[in-house]
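As they're listed, the protein sequences go chains H and X. Numbering-wise, my numbering puts 190 at position 190 of the first sequence, and it's gapless, one number per residue. So the number in my numbering is just where the residue sits in the second sequence, counting from 1, plus 1000. Notes to accompany the following structure.
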Amino acid sequence: MMGYKLERLTVMVVDDNKNMRSLVRAILEALGVSHVIEAQDGEAAFKKLKEQQIDLIIVDWNMEPVDGVTFTRKVRTDPESPDQFVPIIMLSGHTEKARVMQARDAGITEFMAKPIAARALYARMVAVIEHPRTFVKTASYFGPDRRRQDMPFPGPDRRSTAVKGGKSGKGNLSEDQQKALSQAKDAIRTLDKS
Amino acid sequence: MSADKKPGGKGFEVIQPPRTLKDKVGSGGKGLDPRALERAEAAMNTFKDTIDFAQQALPELMKLQVLMEQLIANPTQTQTLLPKMFEIVHDLRGQGSSFGYPLVTRIGSSLCRYVERHDKDSQAEVDVVRAHVDALRAVIGSKLKGDGGEIGQKIAEGLETLVSG
């Protein structure tokens, strides 16, 4: 099977955690990407985007001073953006539906839940290659067409789970909860002593 | 903007990007290339082994401990302190499994889920948060990798039952 010529790509990895950047770099290089550049937050990434052509951006959400969502919005809508169409894969532990929607509304191309898995990252890259998105411009949005209904939802809908679980009963622990707390504490003590 | 524009009806415009990644990398056949995936997974595992996550997590763990002590001293301040704790735990949750500590991810997920449901200040809430923070400290401090074995399961199951109750 002929593979993609990924060595032709320049990929930028944006994360404030150096080890996370290195981990993503290791995966990308093993897949054949020969040109990986790194940035530690959205501000540094935007500068690098202005300096060279980048084919794909993999960006974390939580970063300071400029986070991944703000960076994405800037790439899509800032008049100074050198490439409003560059594909952006957001990598985040924020997998609640409302958060994914927030990232989507900023203009990401694909979403990938942390922890990082090589298969998931590879699959997102293939999705970006095989299913290029048309862009939509409205009065309040510019970015990949959000009407696509098959954007993978990366985890359980914790928000709805939380609603189902209810918010009541936290003033005091139930008997079952006290038992569970006691079990956890015993196990932690055992681990501390080991 | 050099993209092709197509009429999109009222109030929006559909734009075809000027170039795609496929133009650059060509066709790769259907699905994922198993050999490429194998190489990527091997590279990821090799890299993981070079990272001392327990050492790397220490500064964040210390910040978490400081916030925990503040919460114990001021149990009515959950609305101020819990969001700060959430951010730290959320990061640890994302890193745990990535660097060989899935139990950290599991405990972190349990605490994040609990904090997301936060709605009142109470001593019970402080106890639940404290149990999670103690668990993270113990697991990271003892470098308990993988699922943590029997003791790890006891900790995780206890905390999850606590949060789901």
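For every residue, glycine included, the Cβ atom is placed at its ideal position computed from N, Cα and C. These numbers come from a predicted model, not from an experiment.
{"Check": "Residue-chain proximity (Glu1076/X, chain H), Cβ-Cβ < 9 angstroms", "Outcome": "Note that residue 1076/X corresponds to Thr in the displayed sequence, not to Glu. No, no contact with chain H."}
{"Check": "Environment of Gln52/H [buried if 16+ CB atoms lie within 10 Å]", "Outcome": "exposed"}
{"Check": "Buried or exposed (CB count within 10 angstroms, at least 16 for buried), Ala1073/X", "Outcome": "exposed"}
{"Check": "Buried or exposed (CB count within 10 angstroms, at least 16 for buried), Leu1058/X", "Outcome": "exposed"}
{"Check": "Met144/H - partner residues in DSSP beta bridges", "Outcome": "The amino acid at residue 144/H is misidentified as Met; the sequence shows Pro. Answer is Phe135/H."}
{"Check": "Test: Ala1135/X CB closer than 9 angstroms to a CB of chain H", "Outcome": "yes"}
{"Check": "Cross-chain neighbours of Phe1047/X in chain H, by beta carbon under 9 angstroms", "Outcome": "Asn19, Ser22, Leu23, Arg25, Ala26, Ile27"}
{"Check": "Ala1043/X CB to nearest heavy atom of the ligand SAM below 8 angstroms", "Outcome": "The model on display carries no ligand, and the ligand SAM is accordingly not part of it."}
{"Check": "Gln1065/X: contacting residues in chain H (beta-carbon distance under 8 angstroms)", "Outcome": "Those do not exist, as Gln1065/X stays about 14 angstroms from chain H at its closest Cβ, beyond 8 angstroms."}
{"Check": "Below-9 angstroms beta-carbon distance, Pro82/H vs any chain X residue", "Outcome": "no"}
{"Check": "Bounding residues of the beta strand (DSSP E) (the contiguous stretch that carries Met12/H)", "Outcome": "10-14"}
{"Check": "Residue-chain proximity (Asp145/H, chain X), Cβ-Cβ < 9 angstroms", "Outcome": "yes"}
{"Check": "CB contact check: Met1085/X to chain H, cutoff 9 angstroms", "Outcome": "no"}
{"Check": "Nearest-angstrom beta carbon gap, Lys1154/X and Gly1100/X [assumed within contact, 8 angstroms]", "Outcome": "Not confirmed; about 20 angstroms, so no contact."}
{"Check": "Buried or exposed by the 16-neighbour rule on C-beta atoms within 10 Å, applied to Pro144/H", "Outcome": "buried"}
{"Check": "Proximity test, Cβ basis, 9 angstroms: Arg104/H and chain X", "Outcome": "no"}
{"Check": "Chain H within 9 angstroms of Arg1019/X, Cβ atoms only", "Outcome": "yes"}
{"Check": "Residues, ordered as in the chain, of the stretch 48-63 of chain H that lie near chain X by beta-carbon distance below 7 angstroms", "Outcome": "Asp55, Leu56, Asn62"}
{"Check": "C-beta contact flag for Met1085/X and Val1129/X at 9 angstroms", "Outcome": "yes"}
{"Check": "Sub-9 angstroms separation of Ala1167/X and Leu1111/X beta-carbons", "Outcome": "The requested residue 1167/X is not part of the displayed model; chain X covers only 1001 to 1165."}
{"Check": "Below-9 angstroms beta-carbon distance, Gly169/H vs any chain X residue", "Outcome": "Its pLDDT being 42, under 50, Gly169/H is placed unreliably by the model, and the measurement read from it follows with that caveat. It does: the Cβ of Gly169/H has a partner Cβ on chain X nearer than 9 angstroms."}
{"Check": "Own chain partners of Ser81/H with C-beta closer than 6 angstroms, once the 5 adjacent residues on each side are dropped", "Outcome": "Val75"}
{"Check": "Bounding residues of the alpha helix (DSSP H) (the contiguous stretch that carries Glu7/H)", "Outcome": "Note, Glu7/H: premise wrong, no alpha helix (DSSP H); not H, not E."}
{"Check": "Reduced DSSP secondary structure (H/G/I, E/B, other) of Ile116/H", "Outcome": "coil"}
{"Check": "Closest residue to Leu1081/X among Val1089/X, Ile1140/X, Met1068/X (Cα-Cα distance)", "Outcome": "Met1068/X"}
{"Check": "Proximity of Thr109/H and Ile54/H at Cβ, strictly below 9 angstroms", "Outcome": "no"}
{"Check": "Where Arg21/H falls, given that 16 or more other Cβ within 10 Å makes a residue buried", "Outcome": "buried"}
{"Check": "C-beta atoms of Val1163/X and Gly1152/X nearer than 9 angstroms", "Outcome": "no"}
{"Check": "Contact under 9 angstroms by Cβ, Arg1106/X with Glu1160/X", "Outcome": "yes"}
{"Check": "Cβ contact (3+ pairs, closer than 8 angstroms) linking the stretch 131-139 of chain H and the stretch 1036-1047 of chain X", "Outcome": "no"}
{"Check": "Residue-level contact to chain H via CB, Ile1072/X, 9 angstroms cutoff", "Outcome": "no"}
{"Check": "Where Ser194/H falls, given that 16 or more other Cβ within 10 Å makes a residue buried", "Outcome": "exposed"}
{"Check": "Pair within 9 angstroms by beta-carbon distance, Ile89/H and Val59/H", "Outcome": "yes"}
{"Check": "Whole-angstrom distance between Val1115/X and Gln1079/X, CA atom to CA atom", "Outcome": "10 angstroms"}
{"Check": "Beta-carbon proximity check, Val100/H vs His94/H, cutoff 9 angstroms", "Outcome": "yes"}
{"Check": "Beta-carbon proximity check, Lys5/H vs Val1025/X, cutoff 9 angstroms", "Outcome": "yes"}
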